[in-house]
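Asks: Position in the sequence shown (first residue = 1) + 1 = this note's numbering. Ideal Cβ placement from N, Cα and C applies to all residues, glycine included.
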Amino acid sequence: MFSVRKSAAPNPSAYLNEGPETVGMMTAVLGNGGSLDAAIREVASDGPPLSRRMFRSVTDDADTRVESDMRTSLRERLSALPEGSSSYGMAMHMVISASDTRDTGERERMLKDASDIALQGLREAGKSYSSSLNVPCMTVFGVGIMIPMVLMSVLPMLGMSGLFGSGNIDPDTLTAVTVVIIPMFVMCVISGIRGRNPFLRRNGLHMDMLPLVPLVSSIPVFMVASRFCGSAVTAVCVSAIVTGACMLVSVVPEHVREDRRRRQDAMLQDAVFDMGNRLMSGMDFADAFLVSVSSRNICRGIADAFRNECSVCRGDMETAISNAVSPVSSSTAEIFCRIYRVSLKDIRNAGKLALSLGRQLKDQESVRKVIRSDLRSMTDTMFGTAAVFAPLVLGMSVSMLGPLSRVTEGFDTSGTSLILSVYLVELCALIAVLVSVLEGKESVRDVAGRFAFMLPISMAVFLVTTGVQL
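(1) In whole angstroms, what is the alpha-carbon distance linking N298 and E255?
(2) Helix, strand or coil for P49? Go by DSSP, reduced to three states.
(3) With distances taken between CB atoms, is the gap from V67 to R53 smaller than 8 angstroms?
(4) Do you know whose CA, among P457, N18, L345, S14, lies nearest C238's CA?
(5) Go ahead and pull the three-state DSSP assignment for S14.
(6) Report, in whole angstroms, the separation of the C-beta atoms of P83 and R446, which I expect to be a contact under 8 angstroms.
(7) Inspect the beta-carbon positions of T386 and V399 and report whether they are closer than 8 angstroms.
(8) Check K370 in the structure and name its three-state DSSP category.
(9) Between the Cα of I348 and those of A287, R360, G441, spot the shortest distance and give me the residue it belongs to.
(10) Within the same chain, show all residues whose beta-carbon is closer than 6 angstroms to that of I372, passing over the 5 residues directly before and after it, in chain order.
(11) For R279, which residues of its own chain have a beta-carbon under 7 angstroms away from its beta-carbon, when the five flanking residues on both sides are left out?
(12) Only counting the same chain, and skipping five residues up and downstream in sequence, which positions put a Cβ closer than 8 angstroms to that of L249?
(13) Please report the Cβ distance between F463 and L356, rounded to the nearest whole angstrom; I am assuming they are in contact, meaning their Cβ atoms lie under 8 angstroms.
(14) Three or more C-beta pairs under 8 angstroms: does that hold for the region 305-314 against the region 227-242?
(15) Once DSSP output is grouped into helix, strand and coil, what is the label at V329?
(16) Straight-line CA distance for V326 to G145?
(17) Please go through the same chain and pick out, in chain order, the residues whose beta-carbon is closer than 7 angstroms to the beta-carbon of R360, but skip the five residues on each side of it.
(18) Measuring only the C-alpha atoms, how far is V217 from S323?
(19) Is it buried or exposed, S367, if we count other Cβ atoms within 10 angstroms and call 16 or more buried?
(20) Helix, strand or coil, according to DSSP, for A267 in the structure here?
(21) Tell me whether S295 sits in a helix, a strand or coil according to DSSP, three-state version.
(22) I'd like to check one pair, G20 with A92: are the Cβ atoms closer than 8 angstroms?
(23) From this set, V465, G468, L419, which residue's C-alpha is nearest P149's C-alpha?
(24) Just tell me which of E440, S227, P215, T60 has its CA closest to the CA of A246.
(25) Is it the case that the Cβ atoms of G85 and P13 are separated by a distance below 8 angstroms?
(26) Starting from V184 and walking both ways along the alpha helix (DSSP H), at which residues does that stretch end?
(27) With DSSP collapsed to three states, give me the class of V462.
(28) Quick one: residues in its chain with C-beta nearer than 6 angstroms to the C-beta of V180, no 5 flanking neighbours on either side, listed in chain order?
(29) Quick check: the Cα distance between L395 and V426, rounded to an integer number of angstroms?
(30) Quick check: what's the CA-CA separation for D364 versus P49?
(31) Please name the residue in A29, A15, A267, N18 whose C-alpha comes closest to that of I336.
(32) Beta-carbon within less than 6 angstroms of R301's beta-carbon, same chain only, minus the 5 sequence neighbours each way: which residues are those?
(33) By the three-class DSSP mapping on this structure, what secondary structure does V474 have?
(34) Would you mind sorting L345 into buried or exposed? The rule is 16 or more other CB atoms within 10 Å of its CB.
(35) Do you know offhand how far L362's Cα is from A334's?
(36) Taking S282 as the reference, which of S332, K353, A433, A233 has the closest Cα?
What follows is the structure, encoded as structure tokens:
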């Protein structure tokens, strides 16, 4: 497989998306008694993309003496943040202030305030993005459905009525507009939506083309269907249905594995808070980890793997944690490793850190759930449009042309259904990309899964509706 790198100008709201994670990483270091410099280097090494880039420039300026120290360099970078990312800057300034105080309780309160500010910024980014989708998504709806219906159905009807005089509408022009120009316009709208999405990671796109291999089967299936079905439209629909089903079968196992991994990661993050309570009660790290993780059914395999790794690694706890948890989430594994390092010095401080990080993880997930819920209605609408509404409207439009073609000499509608069937395949692909962009899951596998689910439904609806005799 191969990878394609794409670069885009940073979206100011993308900083708001990274704020909670960045604050969480710095909290883990400062809560462990680390310095601000250590926290900055941690983000520069393993932070989210935009923050990592900015913090790396902070460390470079300090190391090369362009700035006197990292604190000054960070303040300079924060003052140059783009408009719209003020919550991110406020949270970072609060973290800087927290690193200056010597009172542990005051530091914890300030770090909590920084986390709250970052979460509020994330909420604002989600609401702003959700509210900005109405016009472009309705544009996709109007251009993607209404214009093809008018071009391929209403205009021919008007032409039959003599509205355009003796001149005929050029079918090649209608075909070019329907299958080329309209999809290109919709793709431009989707590109604009993608550029405004603050929840997409801009660190390159790995394009695994394996899920698209079943598309090759569409050619032989179409040839066979053409021979037995007799109709080109039926052959296109049948080949699309079979190809979509094959593609769906190929992506389902990976989808199931990814869904299980996400649920395991959610339970592991939930176990962080539970482990903090157990550490506060005096339980040692290994026992607290095993009890907290194994109490969640879906994570029992991880607890068993940790137990086995402890035996193999001969007491190297960090390696055992990494080997057991990293296959699910490397970031969650690092959280457990940080808590373990603190537990070597003071078990109660490790418990406090676990409680703090666990609370932050819960807060972040609750905010992201609200954002996903706000976007769900839009994604469901777009999905239903491509799978049901578009083929239903276009199919019935073709059916309405049937009686008119029978009473009008010289009017042939045989090519209309074929053009629209090809267009519906394009529309399903475009909407699959759009829904993936809206949900921030920019991968070929995710797009292929959505396309494979929509395509058979869309083609079946279109095939049935075009066969209705009026």
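Replies: Taking the coordinates as given:
(1) Residue 298 sits at position 297 when you count from the first residue of the sequence shown. Residue 255 sits at position 254 when you count from the first residue of the sequence shown. Computed Cα separation, rounded: 21 angstroms.
(2) Position 48 of the sequence shown, counting from 1, holds the residue named residue 49. It is coil, neither helix nor strand.
(3) In the sequence shown, counting from the first residue as 1, residue 67 sits at position 66. In the sequence shown, counting from the first residue as 1, residue 53 sits at position 52. For V67 and R53, no; Cβs fall outside 8 angstroms.
(4) The residue labelled residue 238 in the question sits at position 237 within the sequence shown. When only C-alpha atoms are compared, the closest one is P457.
(5) Walking along the sequence shown from the start, residue 14 turns up at place 13. Correct three-state label for S14: helix.
(6) Position 82 of the sequence shown, counted from the start, is the residue given in the question as residue 83. Position 445 of the sequence shown, counted from the start, is the residue given in the question as residue 446. That pair is no contact at about 32 angstroms.
(7) Reading the sequence shown from its first residue, position 385 is the one you call residue 386. Reading the sequence shown from its first residue, position 398 is the one you call residue 399. Cβ atoms of T386 and V399: not closer than 8 angstroms.
(8) Taking the first residue of the sequence shown as 1, we reach residue 370 at position 369. Here K370 sits in helix by DSSP.
(9) Start at 1 with the first residue of the sequence shown, and residue 348 comes out as number 347. With distances taken between Cα atoms, I348 lies closest to A287.
(10) Position 371 of the sequence shown, counted from the start, is the residue given in the question as residue 372. Within the same chain, I372 has close Cβ partners G127.
(11) To locate residue 279, count along the sequence shown from 1; it is residue 278. Closer than 7 angstroms at the Cβ level, and outside the excluded window around R279, lie A289, V292, S293.
(12) If you number the sequence shown from 1, residue 249 lands on position 248. The residues are G450, A453, F454, P457.
(13) Translated into the one-based positions of the sequence shown, residue 463 becomes position 462. Translated into the one-based positions of the sequence shown, residue 356 becomes position 355. Between L356 and F463 the Cβ distance is about 56 angstroms, and since that is not below 8 angstroms, they are no contact.
(14) no
(15) Counting from 1 along the sequence shown, the entry for residue 329 is found at position 328. Coil, per DSSP.
(16) For the purposes of this step, residue 326 is identified with residue 325 of the sequence shown, where counting begins at 1. For the purposes of this step, residue 145 is identified with residue 144 of the sequence shown, where counting begins at 1. Rounded to the nearest angstrom, the two C-alpha atoms are 45 angstroms apart.
(17) The sequence position of residue 360 within the sequence shown is 359, counting from 1. If we look at R360 and ignore the five residues flanking it on each side, its Cβ neighbours are F274.
(18) Locating residue 217 in the sequence shown gives position 216, counting from the first residue. Locating residue 323 in the sequence shown gives position 322, counting from the first residue. Rounded to the nearest angstrom, the two C-alpha atoms are 40 angstroms apart.
(19) Taking the sequence shown and counting its residues from 1, the one referred to as residue 367 is at position 366. By the neighbour-count rule (16 or more Cβ atoms within 10 Å), S367 is not buried but exposed.
(20) For this step, residue 267 is matched to residue 266 along the sequence shown. A267: helix per DSSP, three-state reduction.
(21) For the purposes of this step, residue 295 is taken as the residue at position 294 of the sequence shown. Helix, per DSSP.
(22) Locating residue 92 in the sequence shown gives position 91, counting from the first residue. Locating residue 20 in the sequence shown gives position 19, counting from the first residue. Yes, the pair counts as a contact, with Cβ atoms nearer than the cut-off.
(23) The residue labelled residue 149 in the question sits at position 148 within the sequence shown. Cα-wise, what sits closest to P149 is L419.
(24) Counting from 1 along the sequence shown, the entry for residue 246 is found at position 245. Ranking the options by Cα distance to A246, first place goes to P215.
(25) Start at 1 with the first residue of the sequence shown, and residue 85 comes out as number 84. Start at 1 with the first residue of the sequence shown, and residue 13 comes out as number 12. In contact: G85 and P13 (Cβ atoms closer than 8 angstroms).
(26) Position 183 of the sequence shown, counting from 1, holds the residue named residue 184. According to the sequence shown, residue 184 is Pro rather than Val. 183-197 is the span of the alpha helix (DSSP H), which, as asked, contains P184.
(27) In the sequence shown, counting from the first residue as 1, residue 462 sits at position 461. In this structure, V462 counts as helix in the three-state DSSP scheme.
(28) Along the sequence shown, read from residue 1 onward, the residue named residue 180 stands at position 179. Closer than 6 angstroms at Cβ, skipping near neighbours: V423, Y424.
(29) Residue 395 sits at position 394 when you count from the first residue of the sequence shown. Residue 426 sits at position 425 when you count from the first residue of the sequence shown. Their Cα atoms are separated by approximately 13 angstroms.
(30) Within the sequence shown, numbered from 1, the residue matching residue 364 stands at position 363. Within the sequence shown, numbered from 1, the residue matching residue 49 stands at position 48. Each residue's alpha carbon lies about 18 angstroms from the other.
(31) Position 335 of the sequence shown holds residue 336. Answer by Cα proximity: A29.
(32) Sequence index remark: in the sequence shown, residue 301 carries index 300 (1-based). Same-chain partners within the cutoff: S295.
(33) The question about residue 474 has no answer here: the residues shown for the chain are numbered 2 through 471.
(34) As a first step, residue 345 must be located in the sequence shown, where it is residue number 344. Its Cβ having fewer than 16 others within 10 Å, L345 is exposed.
(35) What you label residue 362 is simply residue 361 of the sequence shown in a count that begins at 1. What you label residue 334 is simply residue 333 of the sequence shown in a count that begins at 1. Roughly 13 angstroms separates the two Cα atoms.
(36) As a first step, residue 282 is located in the sequence shown; it is residue number 281 there, counting from the start. Answer by Cα proximity: K353.
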